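Student:
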Amino acid sequence: MNPAARRRALEALRRGRTAPAAAPLFDDPDDAAPDLGVDKVSVLFPLPLPEPFDYRAASTMGIEPGMHVIAPIGPRLVRGVVWAVEKNSPAAANLKAIDEVLLSGPPVPEMSRRFLDWASKYLVASQGNLLAMTVRSPDALLPAPTYRVYAPTGAPVKMTDARARVLAEAAKEEVTAAELARRAEVTGAVVKGLIDAGALAAIEKSEDPPFDAPNLDIEAARARLSPAQNAAADELVAAVSKDTFQTVLLDGVTGSGKTEVYFEAVAAALARDPEAQALVLLPEIALTQAVMARFLKRFGVTPVEWHSGIGHKARRRAWREIASGRARLVVGARSALFLPFPKLCLIVVDEEHDPSYKQDEGVAYHARDLAVARGKLGGWPVVLATATPSLETLINAQSGRYGHVVLSARHGAAVLPDVELIDLKLDPPDKGKWLSPKLVTAVAEALAREEQALLYINRRGYAPLTLCKACGHKMQSPETQSWLVEHRYSGRLVCHLTGYSIPKPKACPNCLTIDAFVSIGPGVERIEEEVRLLFPDARVEIFSSDTAPNGEAVREIVGRMERGEIDIMIGTQIVAKGHNFPSLTVVGVVDADAGLKGGDLRAGERTYQLISQVAGRAGRAERKGRAIIQTYAPHEDVMVALAAQDRDGFLAAEAAGREAAGMPPYGRLASVIVSGPSDEAVNAACETLGKASPSADGVDVWGPAPAPLAVIRGRHRRRFLVRADRGVDLSAFMSAWMSRVKVSSAVRVQVDVDPYSFL
Ligand SMILES: [Zn+2]
Numbered sequence: 000m001n002p003a004a005r006r007r008a009l010e011a012l013r014r015g016r017t018a019p020a021a022a023p024l025f026d027d028p029d030d031a032a033p034d035l036g037v038d039k040v041s042v043l044f045p046l047p048l049p050e051p052f053d054y055r056a057a058s059t060m061g062i063e064p065g066m067h068v069i070a071p072i073g074p075r076l077v078r079g080v081v082w083a084v085e086k087n088s089p090a091a092a093n094l095k096a097i098d099e100v101l102l103s104g105p106p107v108p109e110m111s112r113r114f115l116d117w118a119s120k121y122l123v124a125s126q127g128n129l130l131a132m133t134v135r136s137p138d139a140l141l142p143a144p145t146y147r148v149y150a151p152t153g154a155p156v157k158m159t160d161a162r163a164r165v166l167a168e169a170a171k172e173e174v175t176a177a178e179l180a181r182r183a184e185v186t187g188a189v190v191k192g193l194i195d196a197g198a199l200a201a202i203e204k205s206e207d208p209p210f211d212a213p214n215l216d217i218e219a220a221r222a223r224l225s226p227a228q229n230a231a232a233d234e235l236v237a238a239v240s241k242d243t244f245q246t247v248l249l250d251g252v253t254g255s256g257k258t259e260v261y262f263e264a265v266a267a268a269l270a271r272d273p274e275a276q277a278l279v280l281l282p283e284i285a286l287t288q289a290v291m292a293r294f295l296k297r298f299g300v301t302p303v304e305w306h307s308g309i310g311h312k313a314r315r316r317a318w319r320e321i322a323s324g325r326a327r328l329v330v331g332a333r334s335a336l337f338l339p340f341p342k343l344c345l346i347v348v349d350e351e352h353d354p355s356y357k358q359d360e361g362v363a364y365h366a367r368d369l370a371v372a373r374g375k376l377g378g379w380p381v382v383l384a385t386a387t388p389s390l391e392t393l394i395n396a397q398s399g400r401y402g403h404v405v406l407s408a409r410h411g412a413a414v415l416p417d418v419e420l421i422d423l424k425l426d427p428p429d430k431g432k433w434l435s436p437k438l439v440t441a442v443a444e445a446l447a448r449e450e451q452a453l454l455y456i457n458r459r460g461y462a463p464l465t466l467c468k469a470c471g472h473k474m475q476s477p478e479t480q481s482w483l484v485e486h487r488y489s490g491r492l493v494c495h496l497t498g499y500s501i502p503k504p505k506a507c508p509n510c511l512t513i514d515a516f517v518s519i520g521p522g523v524e525r526i527e528e529e530v531r532l533l534f535p536d537a538r539v540e541i542f543s544s545d546t547a548p549n550g551e552a553v554r555e556i557v558g559r560m561e562r563g564e565i566d567i568m569i570g571t572q573i574v575a576k577g578h579n580f581p582s583l584t585v586v587g588v589v590d591a592d593a594g595l596k597g598g599d600l601r602a603g604e605r606t607y608q609l610i611s612q613v614a615g616r617a618g619r620a621e622r623k624g625r626a627i628i629q630t631y632a633p634h635e636d637v638m639v640a641l642a643a644q645d646r647d648g649f650l651a652a653e654a655a656g657r658e659a660a661g662m663p664p665y666g667r668l669a670s671v672i673v674s675g676p677s678d679e680a681v682n683a684a685c686e687t688l689g690k691a692s693p694s695a696d697g698v699d700v701w702g703p704a705p706a707p708l709a710v711i712r713g714r715h716r717r718r719f720l721v722r723a724d725r726g727v728d729l730s731a732f733m734s735a736w737m738s739r740v741k742v743s744s745a746v747r748v749q750v751d752v753d754p755y756s757f758l
């Protein structure tokens, strides 16, 4: 395809183009022989449409399900995917015609289509919206663009110095004409002259070459594992070898070497079938170079990446290679689950407990739960790896529904840290300070031994609340009514939900008093201020998404911590993920109670997971670590369990509470968020919805209540919460309810089956 044609085709794919008026079925009347069949073709579009639309196509076009086509919707031509074909359907003759088949796009495989159909029903989400997550790179439907490089042909040519330099460079490496001219320090005309004279021949190269195949080399990799790792790997490989669906929890304490164990499950799956594909899901934040380096070390290649950080071109190449089945090892964030793998044989969900697997915006889904469903449809295993399983997963493992592979020992010499609680009522920090004397002493001791300390507080900025001491006015975001967080480095007040920010004003907007603001509560910047006063000679660094906004910055700061160039790190939850700091021996949790506020169903569980992950950063190498947890509630179940490192005891207590309340996993939840530009429109829609809610045994519908965040980005929000007994088909209930209601188009109604965020 020449560049102009390619550009036009792309334009059509992206924006849709105008359809010709009433395209005739047969251009030439002679072709319209009566025995020429017409097929009815159902096409799903990657648009917010509930289901496929029907078209006609001549049977000779040979259209099959999964193919990419261009078809008219109203006056526009739009790309879509064939969902079903009814061969020789005379009734289809009156339908609009398919415009074009995109033969170069790898088809969406049957299993992906079935998965999407299932997900649409389960999530009560539009099929079109789900397809949009599957067909994520329209450019990949066209042949890969190419570029030309040149190689010497050896043909005789009138030689000059300049020409000789060009030919010498071309002999070293095949590069483009422009690059040849640059390297040989000649004008483009010299290179062109050699091409015209036949001394340089063009070679077309794809801009999207296939990825290198992973090197499986199972024997060598197994030899590097510890006996405990090998035993766990054997169990996972056994699951992979069964050719059947099974979910296995790989349950290993921080530092036990879980990653290397599941690598062997991946290798085994890929070794069994030369076309097999494996997908490893990671929380977005964990998709760092450090993780890629471990894949590279094991498989000799970096895996194909799929997440929000890859560029347009990388996305196009990855999508085409995955959809065509050539990419065999894929590492991605939650959205990778929807890619059209033709022969997926294993999914590993690493850090399965991580809340970032849940998507709340757009189509609400939980990638871990959908991964399990995907494996069940495909008939192959799913591995869930974590040091702190979610309650749901642990219960499934303990009841025998999931396999349970335990890796208990820390890898190598590392041992788990001692965990101590500091009761802040008994050992309070000085007035206006946040670190209790006991924690300060522990940090000082670590520094004296030339070791490192980490102070964890999951709040960015300086202080979470700015208050006017003259009138009591709280600085709030006009969009969300949530408190604005003070950031001293930038001198701004920031809404952490929407990113809205203003310079910190001199005067209170309410009473106009000058310089009357006080900062309430600590964030990382305020802890840093305190630490610098206590340890003026220490090298102190903040690690948060403000100081490390991208992968490169994360690598940089993690690298300096690893090399011992930082003495005290102050971090948000970004520090909890997978980093290995050999000289870190003291971890202090500044405010362990923070996550318990807010009445979230999973608040205790998440607090346990986060704090134990942070605590697990201490003492990863030969040195034993200490984790010190500051709390005002040392007798809360979660704190007692953290101190005793009694994860299963804690989860058992949590489970009993959830069971008594009929909450997940003993019951099911769904929410309906109704949002709109005005309170009136939202209230009217809520009233309609409330009246339409079906009554069913074992289902409670609560609300509408103002959503905990009543306003986001100027949209007013209210929420229904639905609780159902475990046996109830909650998706069918929600779907029946939604189908009864028609609300104003200004109002958005979003269903979230299994909600996690109660925001
Ligand atoms: Zn005031």
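In numbering that gives the first Met the number 0, the protein residues as written are 0 to 758. Virtual Cβ for every residue (Gly too), placed ideally from N, Cα, C. If you're wondering where the values come from, they're calculated on a predicted model, not measured in any experiment.
1. Residues around ligand 1, please: the condition is that the C-beta lies closer than 6 Å to some non-hydrogen atom of it.
2. Near S744, which residues of its chain fall below 7 Å by C-beta distance, leaving aside the five closest residues on each side in sequence?
3. Tell me the DSSP bridge mates of L179?
4. Considering only DSSP beta bridges, list what W482 is partnered with.
5. Does the beta-carbon distance from S260 to Y401 come in below 8 Å?
6. Could you tell me the distance, in whole angstroms, from the CA atom of Q276 to the CA atom of V586?
7. At what residues does the alpha helix (DSSP H) containing A396 begin and finish?
8. Determine the DSSP secondary structure at T387, reduced to helix, strand or coil.
9. Does DSSP put K623 in a helix, a strand or coil?
10. Cβ of A232 within 8 Å of Cβ of Y149?
11. What number of angstroms, rounded off, separates the C-alpha of A222 from the C-alpha of V236?
12. Give me the Cα-Cα distance between T152 and D207, rounded to the nearest whole angstrom.
13. Assuming contact is defined by CB atoms lying nearer than 8 Å, are T584 and E450 in contact in what I supplied?
14. Under a Cβ-count criterion, where at least 16 other Cβ atoms within 10 Å of its own Cβ denotes burial, should P754 be classed as buried or exposed?
15. Can you tell me which of the three DSSP states Y755 falls into?
16. Excluding the 5 residues flanking A654 on each side, which residues of the same chain have their C-beta closer than 7 Å to its C-beta?
17. So for L630, helix, strand or coil by DSSP?
18. Which of the three DSSP states, helix, strand or coil, is assigned to D34?
19. Would you call the segment 320-337 and the segment 86-96 in contact, with 3 or more CB pairs under 8 Å?
20. Identify whether M662 lies in helix, strand or coil by the three-state DSSP scheme.
21. Can you name the start and end residues of the beta strand (DSSP E) that F542 belongs to?
22. Using DSSP bridges, identify the partner residues of L199.
23. Report the three-state DSSP secondary structure of Q451 (helix, strand or coil).
24. If you drop the 5 nearest sequence neighbours on each side, which residues of the same chain put their C-beta closer than 6 Å to that of R667?
25. Measure from the alpha carbon of Y765 to the alpha carbon of each residue in R162, A118, M132, E178, then state which is nearest.
26. Taking the C-alpha atoms as reference points, what is the distance between A651 and K357?
27. Can you tell me whether N457 is buried or exposed, with buried defined as 16 or more other CB within 10 angstroms of its CB?
28. Rounded to whole angstroms, what's the CA-CA distance from M0 to I346? Just pull it up for me.
29. Tell me whether the segment 50-57 and the segment 96-108 touch, counting them as touching only if at least three CB pairs, one residue from each stretch, are closer than 8 Å.
30. Reducing DSSP to helix, strand and coil, say where P89 ends up.
31. Helix, strand or coil: which one does DSSP assign to V42?
32. So is G624 buried or exposed if we call it buried at 16+ other beta carbons inside 10 Å?
33. Residues in the same chain with beta-carbon distance under 7 Å from C344, minus the five sequence neighbours each way, listed in chain order, please.
34. Express the C-alpha separation of T571 and R590 in angstroms, rounding to a whole number.
35. Tell me whether the beta-carbon of V303 lies closer than 8 Å to the beta-carbon of E283.
36. Here's the rule I'm using: 16 or more other beta-carbon atoms within 10 Å means buried, otherwise exposed. How should A31 be labelled?
Tutor: With the structure as the only source:
1. Here the residues come out as C467, A469, C470, H472, C507, N509, C510, T512, A515.
2. The residue you call residue 744 lines up with position 745 of the sequence shown. For S744, same chain residues with a beta-carbon under 7 Å away, outside a window of 5 residues either side, do not exist.
3. By one-based count along the sequence shown, residue 179 stands at place 180. Under DSSP, L179 shares a beta bridge with no residue.
4. Numbered from its first residue, the sequence shown carries residue 482 at position 483. The partner list for W482 (beta bridge, DSSP) reads Q475.
5. Along the sequence shown, read from residue 1 onward, the residue named residue 260 stands at position 261. Along the sequence shown, read from residue 1 onward, the residue named residue 401 stands at position 402. According to the sequence shown, residue 260 is Val rather than Ser. Contact flag unset, no.
6. Residue numbering aside, residue 276 sits at position 277 when the sequence shown is read from its first letter. Residue numbering aside, residue 586 sits at position 587 when the sequence shown is read from its first letter. Approximately 40 Å, taken between the alpha carbons.
7. Walking along the sequence shown from the start, residue 396 turns up at place 397. Start and end: 390-397.
8. Looking up residue 387 in the sequence shown gives position 388. Looking at T387 - three-state DSSP - the assignment turns out to be coil, as it is neither helix nor strand.
9. If you number the sequence shown from 1, residue 623 lands on position 624. Residue state, collapsed to three classes: coil.
10. Residue numbering aside, residue 232 sits at position 233 when the sequence shown is read from its first letter. Residue numbering aside, residue 149 sits at position 150 when the sequence shown is read from its first letter. No, they are not a contact pair.
11. Position 223 of the sequence shown holds residue 222. Position 237 of the sequence shown holds residue 236. Inter-residue distance for A222 and V236 is about 15 Å (C-alpha atoms, whole angstroms).
12. Counted from its first residue, the sequence shown places residue 152 at position 153. Counted from its first residue, the sequence shown places residue 207 at position 208. Taking the CA atoms as reference points, T152 sits about 26 Å from D207.
13. On the sequence shown, position 585 is the one that residue 584 refers to. On the sequence shown, position 451 is the one that residue 450 refers to. Taking 8 Å as the cut-off, the beta carbon of T584 is found closer than this to the beta carbon of E450.
14. In the sequence shown, the residue the question calls residue 754 occupies position 755. Counting Cβ neighbours within 10 Å, P754 comes out buried, since at least 16 surround it.
15. Within the sequence shown, residue 755 is the residue found at index 756, counting from 1. Residue state for Y755 is assigned as coil, using DSSP reduced to three classes.
16. What you label residue 654 is simply residue 655 of the sequence shown in a count that begins at 1. Cβ within range, chain order: L390, I394.
17. Residue 630 sits at position 631 when you count from the first residue of the sequence shown. Note that residue 630 is Thr in the sequence shown here, rather than Leu. Assignment of T630 by DSSP, reduced to helix, strand and coil, places it in the strand class.
18. Taking the first residue of the sequence shown as 1, we reach residue 34 at position 35. At D34, the pLDDT of 49 sits below 50, so the modelled position is not reliable; the number obtained from the coordinates is stated separately. Reduced to three states, the DSSP call for D34 is coil.
19. By the Cβ rule, the segment 320-337 does not count as touching the segment 86-96, because fewer than three pairs are nearer than 8 Å.
20. The count along the sequence shown starts at 1 and reaches residue 662 at position 663. It is coil, neither helix nor strand.
21. Here residue 542 refers to the residue found at position 543 when the sequence shown is read from its first residue. Counting along the chain, the beta strand (DSSP E) containing F542 begins and ends at 539-542.
22. Stepping through the sequence shown from its first residue, residue 199 is reached at position 200. DSSP output for L199 lists P151 as bridge partner(s).
23. As a first step, residue 451 is located in the sequence shown; it is residue number 452 there, counting from the start. In this structure, Q451 counts as strand in the three-state DSSP scheme.
24. In the sequence shown, counting from the first residue as 1, residue 667 sits at position 668. Once the five neighbours on either side are set aside, the close Cβ partners of R667 are A723, L729.
25. With the chain covering only 0 through 758, there is no way to say anything about residue 765.
26. Taking the first residue of the sequence shown as 1, we reach residue 651 at position 652. Taking the first residue of the sequence shown as 1, we reach residue 357 at position 358. Distance from the CA atom of A651 to the CA atom of K357, rounded to whole angstroms, is 23 Å.
27. As a working note, residue 457 is residue 458 in the sequence shown. Result: buried.
28. For the purposes of this step, residue 0 is identified with residue 1 of the sequence shown, where counting begins at 1. For the purposes of this step, residue 346 is identified with residue 347 of the sequence shown, where counting begins at 1. Residue confidence for M0 is low, a pLDDT of 47 falling below 50, so the modelled location carries little weight; the figure read from the coordinates is stated next. Straight-line Cα distance between these residues: approximately 36 Å.
29. Touching, yes.
30. On the sequence shown, residue 89 is found 90 positions in, with the first residue counted as 1. Of the three classes helix, strand and coil, the one that applies to P89 here is helix, per DSSP.
31. Position 43 of the sequence shown, counting from 1, holds the residue named residue 42. Strand, per DSSP.
32. Along the sequence shown, one-based indexing puts residue 624 at 625. Looking at its Cβ environment, which holds 16 or more other Cβ atoms inside 10 Å, G624 is buried.
33. The residue labelled residue 344 in the question sits at position 345 within the sequence shown. Correct list, in chain order: A268, D272, A275, Q276, A277, W379.
34. Position 591 of the sequence shown, counted from the start, is the residue given in the question as residue 590. Position 572 of the sequence shown, counted from the start, is the residue given in the question as residue 571. At residue 590 the sequence reads Asp, which differs from the Arg that was named. Rounded to the nearest angstrom, the two C-alpha atoms are 11 Å apart.
35. What you label residue 303 is simply residue 304 of the sequence shown in a count that begins at 1. What you label residue 283 is simply residue 284 of the sequence shown in a count that begins at 1. Remark: C-beta atoms of V303 and E283 do not approach each other more closely than 8 Å.
36. For the purposes of this step, residue 31 is taken as residue 32 along the sequence shown, with counting starting at 1. Unreliable placement is indicated for A31, whose pLDDT of 44 sits below 50; no coordinate value is reported for it.
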